[in-house]
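> I'd like to ask some things about the structure below.
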Amino acid sequence: MTPPKAVLTVADKSIELPVLEGALGPNVVDTRTLGAGGLFTYDPGFLSTASCTSSITFIDGDAGLLYYRGYPIEQLAERSDFLETAYLLWYGELPNSDQRKQFEAGVMRHTMLHDQMLSLYKGFRRDAHPMAVMVSIIGAMAAFYPESSDVGDAHEREISMFRLLAKVPTVAAWSYKYNRGEPFIYPQNGMGYAENFLHMLHATPCEPYEPSPVLARALDRIFILHADHEQNASTSTVRMAGSSYANPFACIAAGTACLWGPLHGGANEAVLKMLAQIGDVSRIGEFVAKAKDKSSGFKLMGFGHRVYKNMDPRAAIMRQTCHEVLDELGLHDDPMFKIALKLEQIALEDEYFIQKRLYPNVDFYSGIVLRALGIPTSMFTAIFALARTAGWIAQWGEMVANPAHKIARPRQLYTGLQRREFVPVALRE
Ligand code: SDX
């Protein structure tokens, strides 16, 4: 049944607007024609604005639901793996065994970077943040694969998807090795995706390094949890950049830059810094009080979410993964984890957090797991970017392939000065 039209009355004018119904989630008022009538909508943080149609990921923030192409995140995290999830996000269906084998081979045989890219790393200071390196190297790939700029060609788009999925782990791992002053470890195409990443991160040419299958599986699950998340800030950045038909590597570099922010993907690194600052469960109350004091400017990192006004389903899975990894490593007394569990309990019982519906988000526990996996804090957001590359390319591909595509060009509410005449410098005070 077609939803009833919306009627907008402004002064003595009534405007009828179509209401569009999605497969799941809220209906939307189609305001596209308002501009022609001299009216804009105003929603600077996009709190109530749908920027596109998409069939990739669905989130229900009140119910705490997250589906990738209809599959609940809990089932994918438990029973799928990251490359299969990336296939699902891009093609819309889970692969059969032949498709799965072919896809994995396609990804794992494109893991090397063009050899000339190695010299790009040498231009950075040794202490360059991995995210600064990733933004640069991913963007630079556009220079090495100029044919990828033909975004109208579906085959070129698919090749770029494979190249990005395959090479971003290498870019990330090498940015860490560069920080450590250790030689780059080349990808091993016979390894699994997460296993290969751990190998590039921790191996050295001096002795064999075998990643633990349990830890590789935990990391693969973390990749699944971070793979996509509807129209979040970095995905919207990728779509905005891609709407001009920019090169896909440039678009993913733009998304990587946006994800770096501490309010977004940079939060996992900020959570660890916050837990270290708290230092002991006895000081949790002090930090919770600071988070409730607006004048402090302090926010409890890893808490709150624009969409989830209930527990982020990924946070619950991440907490479980935390228990498993810390138990596997004999670190169940990890002080950071103890502080995190106590902080979560105190915050969830606190009226401020209850009233503002602030729950732990995906970033709250991920840092503790990554740290337990031997991954340095500086690499946490790089790992988020590595995993979200799967969602970014799926969302970019969906947008570019959409025949109704239009370049993104928001308007504004102008608050500047009225017209005035130029004053020659000699006449200025
Ligand atoms: C990610 O969008 C996505 O899907 C993102 C993501 C993804 O997968 O792509 O899920 C990944 O980015 C997770 C979020 C990681 N960021 C953090 O953990 C940083 C801390 N959280 C906050 O900065 C905040 O909660 C945001 C940025 C996540 C959400 O901000 P909103 O939606 O703009 O909400 P808001 O800042 O307006 O908060 C509403 C109220 C405010 O108080 P009032 O102005 O109403 O009095 O809640 C307060 C905020 O001050 N608040 C917090 C808080 N988060 C919100 N108070 C204390 N601590 C916090 N963490």
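First residue of the sequence shown: 9, per our numbering; consecutive thereafter.
Here a beta-carbon is modelled for each residue, glycine too, at the ideal position from N, C-alpha and C.
Because the structure is a prediction, the values reported are computed rather than measured.
1. Given that a residue counts as buried once 16 or more other Cβ atoms are within 10 Å of its Cβ, and exposed if not, what is K109?
2. For G33, which residues in the same chain have their Cβ closer than 6 Å to its Cβ, ignoring the five residues on either side in sequence?
3. Can you give me the start and stop residues for the beta strand (DSSP E) that K21 sits inside?
4. Hey, would you say the C-beta of F311 is under 7 Å away from at least one heavy atom of the ligand SDX?
5. How big is the Cα-Cα spacing for F295 and L308?
6. Using a threshold of 8 Å, state whether the C-beta atoms of E360 and K414 are closer than that.
7. So V289 packs on F372, CB below 8 Å; how close in whole Å?
8. Would you check if the distance between the CB atom of Y184 and the CB atom of Y129 is smaller than 8 Å?
9. Roughly how many angstroms lie between the CA atoms of P411 and S59, to the nearest whole one?
10. So V172 packs on T17, CB below 8 Å; how close in whole Å?
11. Taking just the CA atoms, how far does V222 sit from E215?
12. How many angstroms separate the CA atom of D335 from the CA atom of A380?
13. Could you check what DSSP says for A14 in three-state terms: helix, strand or coil?
14. Short check: CB of A71 to CB of N318, under 8 Å?
15. According to DSSP, is F66 helix, strand or coil?
16. Of the choices E277, R40, T49 and M9, whose alpha-carbon is the least far from that of G30?
17. How many Å lie between P80 and L425 at the Cα?
18. In or out: D123 buried (at least 16 other Cβ within 10 Å) or exposed?
19. Give me the Cβ distance between L121 and V179, rounded to the nearest whole Å; I'm assuming they're in contact under 8 Å.
20. Roughly how many angstroms lie between the CA atoms of D358 and C266, to the nearest whole one?
21. Is it right to say P12 is buried, meaning 16 or more other beta carbons lie within 10 angstroms of its own, or is it exposed?
22. Hey, does T385 have any beta-carbon neighbour from chain D nearer than 8 Å?
23. In this structure, how does DSSP classify E437 when only helix, strand and coil are distinguished?
24. With respect to the beta strand (DSSP E) encompassing Y76, which residues constitute its N-terminal and C-terminal limits?
25. Any chance the stretch 223-242 sits against the stretch 85-101, with 3 or more Cβ pairs inside 8 Å?
26. Buried or exposed: P213, going by 16 or more other Cβ atoms within 10 Å of its Cβ?
27. Give me the Cα-Cα distance between G114 and E155, rounded to the nearest whole angstrom.
28. I need the boundaries of the alpha helix (DSSP H) containing G405, first residue and last residue.
29. Report whether the distance from the Cβ of A299 to the nearest heavy atom of the ligand SDX is below 7 Å.
30. Over what stretch of residues does the alpha helix (DSSP H) that includes D106 continue unbroken?
31. Under the criterion of a Cβ to heavy atom distance below 7 Å, does D68 qualify as lining the ligand SDX?
32. Using a Cβ-Cβ cutoff of less than 6 Å, which residues in the same chain neighbour F192 once the five nearest sequence positions on both sides are dropped?
33. Could you tell me whether any non-hydrogen atom of the ligand SDX is closer than 7 Å to the CB of R229?
34. Alpha carbon to alpha carbon, how far is T119 from S105? Give it in angstroms, no decimals.
35. Return yes when the C-beta of A275 is under 7 Å from any heavy atom of the ligand SDX, and no when it is not.
36. Between the Cα of A355 and those of I292, K281 and S251, spot the shortest distance and give me the residue it belongs to.
In short:
1. Sequence index remark: in the sequence shown, residue 109 carries index 101 (1-based). So K109 counts as exposed.
2. Looking up residue 33 in the sequence shown gives position 25. The answer is none, since no qualifying residue turns up.
3. The residue given as residue 21 occupies position 13 in the sequence shown. K21 -> beta strand (DSSP E) spans K21 to L25.
4. Residue 311 sits at position 303 when you count from the first residue of the sequence shown. For the ligand SDX, at least one heavy atom lies less than 7 Å from the Cβ of F311.
5. The residue given as residue 295 occupies position 287 in the sequence shown. The residue given as residue 308 occupies position 300 in the sequence shown. For F295 and L308, the distance between alpha carbons rounds to 8 Å.
6. Along the sequence shown, one-based indexing puts residue 360 at 352. Along the sequence shown, one-based indexing puts residue 414 at 406. The sequence shown places Tyr at residue 360, not Glu. No, the Cβ-Cβ distance between Y360 and K414 is not below 8 Å.
7. In the sequence shown, counting from the first residue as 1, residue 289 sits at position 281. In the sequence shown, counting from the first residue as 1, residue 372 sits at position 364. Going by Cβ atoms, the distance from V289 to F372 rounds to 16 Å, so no, they are not a contact pair.
8. Against the sequence shown, residue 184 aligns to sequence position 176. Against the sequence shown, residue 129 aligns to sequence position 121. Not closer than 8 Å, so no.
9. Residue numbering aside, residue 411 sits at position 403 when the sequence shown is read from its first letter. Residue numbering aside, residue 59 sits at position 51 when the sequence shown is read from its first letter. Roughly 16 Å between the two C-alpha positions.
10. For this step, residue 172 is matched to residue 164 along the sequence shown. For this step, residue 17 is matched to residue 9 along the sequence shown. Per the sequence shown, the amino acid found at residue 172 is Leu instead of Val. Incorrect: roughly 48 Å between the Cβ atoms, too far for contact.
11. By one-based count along the sequence shown, residue 215 stands at place 207. By one-based count along the sequence shown, residue 222 stands at place 214. Spanning the two alpha carbons is a distance of roughly 21 Å.
12. Taking the sequence shown and counting its residues from 1, the one referred to as residue 335 is at position 327. Taking the sequence shown and counting its residues from 1, the one referred to as residue 380 is at position 372. Looking at the two C-alpha atoms, the distance is approximately 10 Å.
13. Here the question's residue 14 lines up with position 6 in the sequence shown. If DSSP states are grouped into helix, strand and coil, A14 belongs with the strands.
14. Here residue 71 refers to the residue found at position 63 when the sequence shown is read from its first residue. Here residue 318 refers to the residue found at position 310 when the sequence shown is read from its first residue. Against a cut-off of 8 Å, the Cβ pair of N318 and A71 comes out as a contact.
15. Within the sequence shown, the letter at position 58 stands for residue 66. Note: F66 maps to strand in three-state DSSP.
16. For the purposes of this step, residue 30 is identified with residue 22 of the sequence shown, where counting begins at 1. The candidate whose alpha carbon is nearest that of G30 is M9.
17. Working through the sequence shown from its first residue, we reach residue 80 at position 72. Working through the sequence shown from its first residue, we reach residue 425 at position 417. Answer to the nearest angstrom: the Cα atoms are 51 Å apart.
18. What you label residue 123 is simply residue 115 of the sequence shown in a count that begins at 1. So D123 counts as exposed.
19. As a first step, residue 121 is located in the sequence shown; it is residue number 113 there, counting from the start. As a first step, residue 179 is located in the sequence shown; it is residue number 171 there, counting from the start. That pair is a contact at about 7 Å.
20. Translated into positions along the sequence shown, residue 358 becomes position 350. Translated into positions along the sequence shown, residue 266 becomes position 258. Between D358 and C266, the C-alpha separation is close to 31 Å.
21. The residue labelled residue 12 in the question sits at position 4 within the sequence shown. The residue is exposed, with fewer than 16 neighbouring Cβ atoms inside 10 Å.
22. Note that chain D does not occur in the displayed structure, where there is just one protein chain.
23. Against the sequence shown, residue 437 aligns to sequence position 429. Coil.
24. The residue labelled residue 76 in the question sits at position 68 within the sequence shown. Unbroken beta strand (DSSP E) run through Y76: L73 to Y76.
25. yes
26. If you number the sequence shown from 1, residue 213 lands on position 205. Exposed, by the Cβ-count rule.
27. Here residue 114 refers to the residue found at position 106 of the sequence shown. Here residue 155 refers to the residue found at position 147 of the sequence shown. Roughly 18 Å separates the two Cα atoms.
28. Taking the sequence shown and counting its residues from 1, the one referred to as residue 405 is at position 397. Start and end: F388 to V408.
29. The residue given as residue 299 occupies position 291 in the sequence shown. Checking the Cβ of A299 against the ligand SDX gives yes.
30. Along the sequence shown, read from residue 1 onward, the residue named residue 106 stands at position 98. Element bounds for D106: S105 to M116.
31. Here the question's residue 68 lines up with position 60 in the sequence shown. No, the beta carbon of D68 sits no closer than 7 Å to any heavy atom of the ligand SDX.
32. Taking the first residue of the sequence shown as position 1, residue 192 is located at position 184. So the list reads W182 and K185, once near-sequence residues are dropped.
33. As a first step, residue 229 is located in the sequence shown; it is residue number 221 there, counting from the start. Outside the cutoff, so no.
34. Counting from one through the sequence shown, the residue named residue 105 turns up at place 97. Counting from one through the sequence shown, the residue named residue 119 turns up at place 111. Each residue's alpha carbon lies about 22 Å from the other.
35. The residue labelled residue 275 in the question sits at position 267 within the sequence shown. At least one heavy atom of the ligand SDX is nearer than 7 Å to the Cβ of A275, so yes.
36. Working through the sequence shown from its first residue, we reach residue 355 at position 347. Per the Cα distances, I292.
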